[in-house]
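Numbering (this note's numbering), first residue to last: 3 to 655. Glycine included, C-beta positions come from ideal geometry on N, C-alpha and C. Computed from a predicted model, the values in this text were never measured in an experiment. Notes for the one structure printed next.
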């Protein structure tokens, strides 16, 4: 990782922040207080447990709970309004905020901890419908016994990899004599990120066995899974894949077991901070719930293909819009026509599938009115075209499956929109720790689209925290470096705890205001064992842990406040000591622009001030970087890092 990013990250997370393993149990019933055991490291002195859903949460004080660094008991009662799904859990202690862990809520009965699962002969009996949790161990399989009647159509769905577990699960059915059932195996179900889904129709009454194991016979404490068993729908994705923000819509379902499932009536939130909502498939109003699917929230008009859209007369679509379609059968293709008003009109045409649960792989081709091919996507790259019309007129988008496949899972969303300059933002962290009367910086990366101007950064969150930051014109110098940072300042007296925030970037482009909410998807994916597609509705949230003030504080002042490239500036750092603190403090500077350097002095035990010289060069970019001084010292035998409130150094010619 580049030095600039490493410097900023050093002041964001504390060395003794808690680290969570998978919670136990993995499944928490809706509306029912449940004892949840958290394990990991640095769990002592808890301040708060935060979920992304409404819930009653208490941390019992009995039996020295909260004193053990490796174990913590929490009582959680999720509100019934949450519905089934994946949800986020974090722990904040006096020393920082934890990594994110996913748990499940469900309406299915939860099977209590079972014994004997590691041997077929002692397999415990489960009664569908139910959800049971387990852990894969190396060179071993888990076995469960159940009864079924002739004609029963039962679903066995494993939630493992999608849970952020490292397990690669498979599920297999056997009869009572241990013989594998025909069509009784699943591994890597379409759209399930290597998790299996099995829908099996039983041919006879009897007792059966279900086996769950890692495909490579691996195992360990992080190879956890949940298995849902019952007669409920199996949806791979929503259909349509997207709905328009602020509008009422009907959301249907695509997948191997959704016949007879009615669409769900929803009103899409208008909040631009939400990337997606979730919809739950059911057989009938009061039927058992299938696992929910994500529905994209779009700023455009959202349509559904008119079947058959593969006729010679292509379906006309407005620009901009999104349209969802299906490859119903092998070799299926769809055509959509749109109008260019003038020569050189520029359009961005792209297809989305896997990020919304569909396994389809799409090939896009642009045709003119005579059917001549003008452009085509590259099979090894994302299906996206930056198309410039050679003349005014009608053009057709031919949508095909890359492998000519078809079926109930093969869904896509096509988006056609005029090209507009803009940018996308990514926050390099999904969590940050900040102390009262101190600051922290969130590094922000940018991908520009024909816009090189500045971007003003801000924070959406609770009252009390303030934030500011700017991505300078043309930044960053290196693609892997952060373009800028958002400095968060915490006042004295702000309540200690954990709160979710979002980072927003604003700019004026061609006279129009543009607002973009930053994504945390790379950090979220990394927190979930590099899960390729983490839950979309969690992909814009940053957890901020507000901690009690430190026994020392730093303040910085820069002089001069504005320099030309090639000139130097000096930061004067003042140290305030509290509560008898008398240790030396090592200083580092974060947020330096490209082609600038700074020294790293130490404030001695008997001193309270130091100076840092910032040296710029002739090729240092102009801008107004926020500089943060981090001070590290020993407190109670452990390293403690405190950041000074940011100061702005203006660099201009």
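With a cutoff of 8 angstroms on beta-carbon distance, residue 300 and residue 244 are scored as near each other.
Under a 10 Å Cβ-count criterion, residue 173 is classified as buried, with 16 or more other Cβ atoms of the shown protein chains found around its own Cβ. Between residue 219 and residue 125, the CB-CB gap reaches or exceeds 8 angstroms. Measuring C-alpha to C-alpha distances from residue 122 to each of 186, 176, 410, 418 identifies 176 as the nearest. For residue 106, there is no enclosing alpha helix (DSSP H); the enclosing beta strand (DSSP E) has its first and last residue at 103-108. Residue 129 sits away from residue 228, with the two beta carbons spaced by 8 angstroms or more.
For residue 179, the closest alpha carbon among the candidates 147, 161, 434, 191 is that of 147.
The shortest CA-to-CA distance from residue 512 to any of 532, 424, 611, 106 is the one to 424.
For residue 469, the enclosing beta strand (DSSP E) begins and ends at 468-473. Assigned with DSSP and collapsed to three states, residue 145 falls in strand. Residue 48 sits in a strand when the DSSP states are folded into three classes. Judged by DSSP in its simplified three-state form, residue 192 adopts coil rather than helix or strand. Secondary structure note for residue 445: it is in no alpha helix (DSSP H), and the uninterrupted beta strand (DSSP E) holding it is 440-451.
In this structure, DSSP gives residue 309 a state outside helix and strand, which the three-state scheme calls coil. The DSSP-derived three-state label of residue 524 is helix. With three or more CB-CB distances shorter than 8 angstroms, the segment 486-506 counts as touching the segment 449-467.
In this structure, the alpha-carbon of residue 435 lies about 12 angstroms from that of residue 93. Linking residue 20 to residue 107 through their CA atoms gives a straight-line distance of about 24 angstroms. Taking residue 406 as the centre and dropping the five residues before and after it, the same chain places the C-beta of 332, 333 closer than 7 angstroms to its C-beta, in chain order. Distance from the CA of residue 324 to the CA of residue 294, rounded to the nearest whole angstrom, comes to 22 angstroms. For residue 492 and residue 499, the gap between their C-alpha atoms comes out near 12 angstroms. Taking C-alpha positions only, residue 162 is separated from residue 190 by approximately 11 angstroms. Three or more pairs of CB atoms, one per stretch, sit closer than 8 angstroms, so the segment 74-94 contacts the segment 26-44. Within the same chain, and ignoring the five residues on either side of residue 249 in sequence, the residues whose Cβ sits closer than 6 angstroms to its Cβ are 270. Distance check between residue 612 and each of 586, 418, 262 places 586 closest, using alpha-carbon atoms only. The beta carbons of residue 494 and residue 579 sit no closer together than 8 angstroms. Residue state for residue 646 is assigned as coil, using DSSP reduced to three classes. Within 10 angstroms of the beta-carbon of residue 564 lie fewer than 16 other beta-carbons, which makes it exposed.
In its chain, beyond the 5 residues on either side, 475, 476 have a beta carbon closer than 7 angstroms to the beta carbon of residue 454. Of the residues assessed, residue 654 falls on the exposed side of the cut-off, its CB having fewer than 16 other CB atoms within 10 angstroms. Within the same chain, and ignoring the five residues on either side of residue 489 in sequence, the residues whose Cβ sits closer than 7 angstroms to its Cβ are 441, 443, 469, 470, 471, 628, 630, 648.
By the Cβ criterion, the segment 531-543 is not in contact with the segment 589-608, since fewer than three pairs of Cβ atoms, one from each stretch, lie closer than 8 angstroms. For residue 45 against residue 72, the beta-carbon gap comes to about 6 angstroms, under 8 angstroms, which counts as contact. Taking a contact as a CB-CB distance under 8 angstroms, the pair residue 558 and residue 575 counts as one, their CB atoms being some 5 angstroms apart. Annotation: residue 321 is outside any beta strand (DSSP E) and is labelled neither H nor E by DSSP.
In terms of Cβ geometry, residue 263 and residue 230 do not form a close pair [threshold 8 angstroms].
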